[in-house]
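Structure, as structure tokens:
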Amino acid sequence: MSVTINCQCGKTYQLKDEFAGRDVECPNCGTVNRAERTVAQPQSDAVYGASAVAGSAASLALGPGPSVGASGAIFGLMGAIVVFLHRHRKAYHLRDGRIGFVVAAWAAYTFFLGAVSPMVDNGAHLGGLVGGALAVLATRPRAALSPTRAS
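For the sequence shown, position 74 (counting from the first letter as 1) is numbered 74 according to our numbering, and the numbering increases by one without interruption.
In structure tokens, the structure reads:
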């Protein structure tokens with residue numbers, strides 16, 4: 001048995017049954033899960049909310065009209081992850097520091113796709129990215145970790 005997850009980028013993933021009912025937004029990049037592991041839940045919710053508001057505001061300011069979706073908030077989590085991991089790089093040595101680069105590259109790729117597709121609201125993406133990056137500056141790590149490299 002498996003659970004089907006439809007990623008926002010259009011890809012479909014099949015996950016094992018034990019993932020059923022869990023908060024898995026995007027198995028492709030895992031942004032929601034990583035943010036919740038490194039930042040306490042109320043702080044993570046605040047970053048998500050600030051990203052959503054910033055994405056909506058940028059969408060209204062930069063776009064031809066209102067749009068729908070959670071992509072601005074999800075981009076905010078990506079921006080938050082990059083800033084958070086860079087800011088606390090001495091405490092978090094995840095995969096030799098490549099997670100921030102991979103998330104930034106994925107965001108750049110998605111911006112490119114948005115530039116060539118008229119149905120994608122890059123204003124919301126940009127606003128959410130900046131909003132999340134700024135909002136995470138007010139957070140603290142959940143726990144102090146000793147500097148060790150993950151295998």
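C-beta: ideal position from N, C-alpha, C; glycine also.
Checklist line | Ala58 versus Thr139 - alpha carbon distance | finding: Approximately 23 Å between the Cα atoms of the pair.
Notebook entry, point to check: Looking at the unbroken alpha helix (DSSP H) that takes in Thr110, where does it start and where does it end?
Noted result: Run containing Thr110: Arg98 to Val116, per the alpha helix (DSSP H) assignment.
Note to self: Tell me which residue opens and which closes the alpha helix (DSSP H) that Leu137 is part of.
What the structure shows: Per DSSP, Leu137 belongs to no alpha helix (DSSP H) and is neither H nor E.
Next item on the list: In angstroms with no decimal places, state the Cα-to-Cα distance between Ala108 and Gly127.
Entry: Each residue's alpha carbon lies about 14 Å from the other.
Check: Ends of the alpha helix (DSSP H) at Gly76?
Finding: Gly76 -> alpha helix (DSSP H) spans Ser71 to Arg87.
Notebook entry, point to check: Are there 16 or more other CB atoms within 10 angstroms of the CB of Gly100, so buried, or fewer, so exposed?
Noted result: It is buried - the Cβ of Gly100 has at least 16 other Cβ atoms within 10 Å.
Next item on the list: Please go through the same chain and pick out, in chain order, the residues whose beta-carbon is closer than 6 Å to the beta-carbon of Leu129, but skip the five residues on each side of it.
Entry: Only residues of its own chain outside the window of five on either side were considered, and among them Phe75 and Gly79 have a CB closer than 6 Å to the CB of Leu129, listed in chain order.
Notebook entry, point to check: Taking the C-alpha atoms as reference points, what is the distance between Ala133 and Phe84?
Noted result: Taking the straight line from one Cα to the other gives about 8 Å.
Notebook entry, point to check: Once you ignore the five residues that flank Gly131 on each side, which residues in its own chain have a CB closer than 6 Å to its CB?
Noted result: Contacts found: Ala50, Ser51, Ala54 and Gly76.
Note to self: Relative to the C-alpha of Tyr48, which candidate in Ala73, Leu113 and Thr110 has its C-alpha closest?
What the structure shows: Nearest C-alpha to Tyr48 among Ala73, Leu113 and Thr110: Ala73.
Item checked: Rounded Cβ spacing between His220 and Phe111 (contact assumed at less than 8 Å) -> Here the chain has residues from 1 to 151 only, and residue 220 is not among them.
Item checked: Assigned exposure category for Ser44 - 16 Cβ within 10 Å defines buried -> Buried: at least 16 other Cβ atoms inside 10 Å.
Check: Which whole-angstrom value describes the C-beta separation of Val103 and Ile81, a residue pair presumed to lie in contact below a C-beta threshold of 8 Å?
Finding: Contact annotation, Val103 with Ile81: C-beta distance approximately 5 Å; criterion of less than 8 Å satisfied.
Check: How would you label Val136, buried or exposed, when you count the other beta carbons within 10 angstroms and need 16 or more for buried?
Finding: The residue is buried, with at least 16 neighbouring Cβ atoms inside 10 Å.
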